[in-house]
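Below: the structure, in C-alpha cells.
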Amino acid sequence: MLLIRCPYCEEERPELEFRNAGEAHIARSANMAGESDDDFEKFFFIRSNPKGIIYERWRHMHGCARFFNAVRDTVTDKFIMTYKAGEPKPAKLPGASK
Amino acid sequence: MIAAFRIPGAGRLKQAETARFSFDGQSYSGVEGDTLASALLANGVHLVGRSFKYHRPRGFLSAGAEEPNALVEIKRDSARKTPNVRATVQELYDGLTAQSQNRWPSLSFDVGAVNDIASPLFSAGFYYKTFMWPKAAWKKFYEPKIRAAAGLGVAPDQPDPDHYSARFAHCDVLVLGGGAAGIAAALAAAETGVRVILADEQADFGGSLRFESGARIEGQDGFAWAQAAVAKLKGMDNVRVLSRTTAFGYYAQNFVGLVERVSDHLQNPGRELPRERLWQVRAKRVVLATGAIERHMVFADNDRPGIMLASAARTYLNHYGVAVGRNIGVYTANDSAYAAAIDLKKAGVGVAAIVDLRDNPTGPVIDEARALGIEVNFGRAVIRAGGKLRVSSMTVQPKNGGGERTIPVDAILMSAGWTPSVHLFSQSRGKVAFNDETKRFVPGTYVQDCVSVGACNGTDGLSATIDEAYAAGAKAAKDAGASTVKGTKPKVDASESWSRGMLGAAPGAGPGTTVKAFVDFQNDVTAKDIRQAVHEGMHSIEHVKRFTTNGMATDQGKTSNMHGLAIAAETLGKPIPQVGLTTFRAPYTPVTFGSIVGHARGPLFDATRKTAIHPWAEAQGAVFEDVGQWKRAWYFPKAGEDMHAAVDRECVTVRKTAGLFDASTLGKIEVVGPDAAKFMELLYTNPWEKLEPGRCRYGIMLREDGFIYDDGVVGRLAPDRFHVTTTTGGAPRVMNHMEDYLQTEFPHLNVWLTSITEQWAVIAVQGPKSRDIIAPLVEGIDMSDEALPHMSVREGRICGVPTRLFRMSFTGERGFEVNVPADYGQAVWEALWAEGQKLGACAYGTESMHVLRAEKGYIIVGQDTDGTVTPNDAGLDWAVGKKKTDFVGIRGMARPDLVAKGRKQLVGLKTKDPKVVLEEGAQIVADPKQAIPMTMIGHVTSSYWSQNCGRSIALALVAGGRDRMGETLYVPMPDGTIEVEITGMVFFDEKGERLNG
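Residue numbers (the numbering used here), protein chains in the order written: chain A, -8 to 89; chain B, 1466 to 2462.
Spelled out as C-alpha cells, the structure:
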C-alpha cells in the first residue's frame, strides 16, 4: 500500500484514503459547445498513458475530500511530488537529473 | 517409555512424553516443544507423504519452512481441516490428528505410484503435449483424471469456523528474522530507544543457533544467548517481539505483511483467540535477517525417505534430541555437513561414511571427523540411493567414474551449500547480484529503505554476522531518527562457518543420464526435465520454470531454484548471471485466505445500510431486497400472498386509494451558496436560474461524453439553496462528480455541497387520497392545489417536527414526498400509516414502485439506460435547456454518432399475447426467420405484469424505435418467438390527469 502526501492536509496518508481521478492538466474549454470534433476527441478521449512520469489527479476521498495533482512514475509506482489543484505543472521535478 | 529415536540427554526439550498424537490413525507420543516432524522422527517414522506427480514415497527434507515433502492434513474437527501443513513447522499438541495426503489406499501401498513406472509419459511439459488428442477428451477425460491423480491436500468442504484478526502497526525499525543477526540488529536498534518490531517465523528465536552446537556468544551457548537477548527485548517498552510470525510480503514504501499464527499450536485454543493475526506494518527502516537455506545434493533417487539436509538432522538432534537414523551416511560438497556427522557421532549414532565431492578439502571439521573415527572419502560422489519406502544404502563412486561401492545406511545427510534467503529483499524490488566466487545471489541494488544482514546478505561466520547486524541495527535506528547508541555489541566467543558448495546436478545425474535426480521435490522436477526443457527450446529461465514447473509449488523453490538455474545454465552453455533468476513473489510461505480476509466475511463483508423505517417494515413482514448496501422493502405480503399477488394488490391500491413507500434511500445533496443556481446550470441539462423558490424540476445529469449519468427531482428551497435528489445507487458518485467539477473546473463558483442522504427520511405518499392522509398532520403548509401544485416544495412541520414537503410523483398519481429528520422517520411514518389505514391505504415496496413508474413510462437510470443513452435516446429532449451555452455533456451530446439516425431509442413494448411477460434483457429482432446469428436491433430494459393495465408492459431500447410505432417485432426465446408491438412509453393515464386527481 502506497503512502500519498496530501498537499492540503500536508501529511502522508495510506493509499486507502485516496482515489485516483485520471490524468491531470487537461483543461475543460471555456467554450465547450464550440469545440471542434477533433478538439473534443483530444480533450475527452486521448490520454498519454506514459511509461514513466505521469501527471495525474487524486482525491483525498476519506480525508479532506480535496482533489489535487500528483507526479508519479508508472514504472516504479513512486510518487515524485503532489501539489494543489489549479497549480501549474511543475517545471522541474525534485530529484530529476534534467 | 521414551520413543525409540529420542536420545536421552540430547536436545533442549524436557523429555517427559506428554503429548499423544496420531498420524494416519496410528497413535504416537511426543514431547512438549516438538514439531510434528520431530515427534514422528523420534518414533522412527520417515515416510509421511507421496509426491505430487509420480506418487513417490517421501519423508522429511528439512526442519523448517522450506519443507517441500512433508505436507500433511491437520484435522481438529469436521470443519477444521487444514491441508498441506508442513509437518516441520506444525508444533505438536496433545491430541493432534494428522493424515498423509495424495495416496490411495494407503501411504505404504499407493496405487498412484504406477505413475512412477510410467514416468516417461510425465516428463517436462507433459500436459502440454500428451493429452491433446482427441481435443474433446481433454475436458471430459484427461483433465479430471489428471487432477484426481496429481495434487496434494484436499480443501475443506465446510465454512471456516475460526476467526482471524488484523492489526496495523508502525515502527522505526522492523527486523525480519530472529536468528543471531536479527537479534543483534534488534538489540542495537532497541537500545537507542526507537520503536522496534522483531519477528520470526518459529516458536523460539535463535534461527540456526538452534543447531549450531559450536556457537558461543557472551560466554554461553548460542541458543541460550538468543533466549536471554529476546527476553531482554521483550522487557523493553519500545520493542514488540512477534514469534510464530512470518513476513510473507514486502510491499511499497516499507509496508510489510506478516501473519502471526496465534493458536495453531494450542490443544484447546478457545473461542476468544483468533487462529491467526495479520500484521500490516509500516516501518521507517527494515532490517532483513532472513538467513540462508541449505541445498540438497542432486543425485539419483535423492528423494527416498531418510535422505535429508544435514542442517535438518542437526536440528532434530541438537534441539529436539532426536536421531534421524542409527547408521548414517553423509554426502556433501561443503564443510557444514561435517558438523552434522560430528554431532551425531558424539551423540552415539553410527556414521557409516562421509562422501565429499571436493578433491582435497582441509579444515578443522575434517580433522575432527577423522579424529572421531569417521570414514571420510574425498573426490567421490553418491550416484544412487537404495531402498524405496526408506533409504537403505548409498552407492559411492569416484566422481570421474570408476568402481562402485554400496554402503548400507538408514539415512543420508546432504549439503550442497547454502542459498541466501533474498526473497523479501527481491520482493522489495531490490536487484540481486551474483557473486561468482561464492556462486550465490546476494542483495545488490536496494530500492527501499532496508538493509540485509547475516547469511541472507552472504555474510559467513557468526562474528562477521553479529558485527554487521549490530552496526546495521544501530544505523537503521539512527536513520529513523535515533540520536545516540548506548548498548554494547554481543561478543562472539566461538563460531562455525559455512563455506561454499556446489550448484546443479552431481556426478551421475549429469547430461546424458536419465536417472531421477530431483531438483524440485514438491513438483517432481528432475535434472533431466530441466535439460529436456532447454533442449525443447525453453531458453529463458522464466520459460524453463513454467515448462517444468520447477519452483512453482507451494514451497516456491526454496531448495530447488538455484539447482534448476545452474542446470539450465550448463545446458545452455551460459554463465549463471546471464540466464538470470526468476522473480520472487509474495507470499514467502502460503498464507491462509482467512488471515487475508480477517473480519470481512459474512455480515461484516460489507456495510449494511438500513433506513429509519426499516424496523417497521420488518415488523410488518416485508420481504427485503439488496440495493447496493441498502436493505429495501421489496413487497409487503399479506397472509397467503405470494410476491405476484402482493405486488398486484399494492399497485391497484395505490391507484385506487393511496400507498406509503419508504424512499429514504434516495440520494440527497444540498447545493448551497450565492452561485448555487449557476452551478446547477453547469451540472444539469435543465435551466435552473429561472426556477422559482418553492418549485421543483426533474433534472438530468450527463457525463462530459453526453450520456445520461443520473437523474432526480430537484427542489429550490431558496434562491441560494437547492435540495437535489439522486438515484439510490448513484448518490456517492454524483457527489464525487459534483465535487470534482466544483473543485477543479469551476472553483470560481461560491457553492457548498453537502450530502444529506442520511439526514432526511423520505416517506412517499402516493395516490388519489394522499393529500387526505398527510393534511391532518401538517402545520404551516397550505396543501391546496393552488398553493402547492404538482412539482413544488414547502418547508413546514408535520407531527410537530420539521419537514420539507415535496409535491411530486413517481407513480403518476397525486403524490407527495415527506422529508423529515431521520430520527423522526419511523414516528412520522407510523402517524401517516395510522391516517392511511383509516382510508384503506397500503404500504408498498420497491417492486410495486417499479411497476407503477413503468406504467407511466418513467425511466430508471441504470435499468433503462446503460451509460450509452443520450437524453434524446430516452425521449427526454424536453429536459435539455435549448438556450443554454454550457453544461457538462453539451459538446459530447452533439458528437456525430450521438445525433446520427438509427440510434437505439426508448420505446414501449406490448406483447401480442397480453399475458406473456417478457424477460428483461431479452433481445429484439425484426425478422425471426433470418439465419443465426440474427441481427439484434434492441433489447428489453424493463418488463412487468401490470394489474392496473390488465396486461404485461415493457420498455425497450430499439434502433430507430420512435419511427417504428405500431410495428411488429420479435423476441426470440429458447421456447419460442414472442411477437411484440412498438408503442409509446406511457401505458396508463396517457394524458397525465391523475397527477391532480
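Yeah, the Cβ is synthetic: ideal placement off N, Cα and C, and Gly gets one too.
I'd like the span of the beta strand (DSSP E) that includes residue i, first residue to last.
| i | result |
| --- | --- |
| Gly1815 (chain B) | 1815 to 1821 |
| His2004 (chain B) | Unbroken run through His2004 (chain B): none, as it is neither H nor E. |
| Leu1652 (chain B) | Leu1652 (chain B) -> not in any beta strand (DSSP E); alpha helix (DSSP H) instead, spanning 1645 to 1655. |
| Asn1767 (chain B) | Note, Asn1767 (chain B): premise wrong, no beta strand (DSSP E); not H, not E. |
| Tyr2409 (chain B) | 2403 to 2411 |
| Met1879 (chain B) | 1876 to 1880 |
So that I know if they touch, is there some Cβ in chain B lying closer than 8 Å to that of residue i?
| i | result |
| --- | --- |
| Ser88 (chain A) | In this prediction, Ser88 (chain A) scores a pLDDT of 47, lower than 50, which makes its location untrustworthy; the coordinate-derived value is nonetheless stated afterwards. With 8 Å as the cut-off, Ser88 (chain A) does not count as an interface residue toward chain B. |
| Arg4 (chain A) | no |
| Arg57 (chain A) | yes |
| Asp64 (chain A) | no |
| Phe35 (chain A) | yes |
| Ala61 (chain A) | no |
| Leu(-7) (chain A) | yes |
| Glu14 (chain A) | no |
| Glu8 (chain A) | no |
| Glu47 (chain A) | no |
| Met23 (chain A) | yes |
| Glu1 (chain A) | no |
Just checking: is the beta-carbon of residue i within a distance shorter than 8 Å of some beta-carbon in chain A?
| i | result |
| --- | --- |
| Gln2208 (chain B) | yes |
| Gln1718 (chain B) | yes |
| Glu2169 (chain B) | yes |
| Thr2350 (chain B) | yes |
| Glu2135 (chain B) | no |
| Glu2204 (chain B) | yes |
Where residue i and residue j are concerned, what is the direct C-alpha to C-alpha distance, given to the nearest angstrom?
| i | j | result |
| --- | --- | --- |
| Ser2235 (chain B) | Val2381 (chain B) | 33 Å |
| Asp2338 (chain B) | Val2372 (chain B) | 9 Å |
| Pro2197 (chain B) | Ala2391 (chain B) | 40 Å |
| Asp2185 (chain B) | Gly2159 (chain B) | 12 Å |
| Leu1561 (chain B) | Gln1745 (chain B) | 30 Å |
| Ser88 (chain A) | Asp1914 (chain B) | Legend: pLDDT at Ser88 (chain A) = 47, less than 50; position of this residue unreliable, value from coordinates given subsequently. Cα to Cα, the separation comes out at about 21 Å. |
| Glu78 (chain A) | Pro2267 (chain B) | 44 Å |
| Gly1671 (chain B) | Ser1801 (chain B) | 18 Å |
| Thr1657 (chain B) | Gly1946 (chain B) | 10 Å |
| Glu2210 (chain B) | Val2364 (chain B) | 27 Å |
| Arg2416 (chain B) | Thr2193 (chain B) | 29 Å |
Tell me the residue span of the alpha helix (DSSP H) that contains residue i.
| i | result |
| --- | --- |
| Met2108 (chain B) | 2108 to 2121 |
| Lys1699 (chain B) | 1687 to 1699 |
| Ser1503 (chain B) | 1501 to 1507 |
| Asp1932 (chain B) | 1927 to 1944 |
Can you name the residues of chain B whose CB is closer than 8 Å to the CB of residue i?
| i | result |
| --- | --- |
| Phe31 (chain A) | Arg2356, Gly2357, Arg2360 |
| Ala76 (chain A) | Gln2208, Thr2209, Pro2212 |
Would residue i pass as a contact of residue j if the rule is Cβ separation under 8 Å?
| i | j | result |
| --- | --- | --- |
| Ser2060 (chain B) | Glu1741 (chain B) | yes |
| Pro1863 (chain B) | Gly1851 (chain B) | no |
| His1888 (chain B) | Arg1477 (chain B) | no |
| Ala2421 (chain B) | Ile2443 (chain B) | no |
| Lys69 (chain A) | Tyr(-1) (chain A) | no |
| Arg2279 (chain B) | Leu2270 (chain B) | no |
| Leu1698 (chain B) | Gly1687 (chain B) | no |
| Arg4 (chain A) | Gly54 (chain A) | yes |
| Ser1858 (chain B) | Ile1872 (chain B) | yes |
| Tyr2435 (chain B) | Pro2393 (chain B) | yes |
Applying a beta-carbon distance threshold of less than 7 Å, which residues of chain B neighbour residue i?
| i | result |
| --- | --- |
| Arg19 (chain A) | Glu2210 |
Does the ligand ATP have even one heavy atom less than 7 Å from the beta-carbon of residue i?
| i | result |
| --- | --- |
| His1511 (chain B) | The ligand content of the structure shown is nil, which means the ligand ATP is not present either. |
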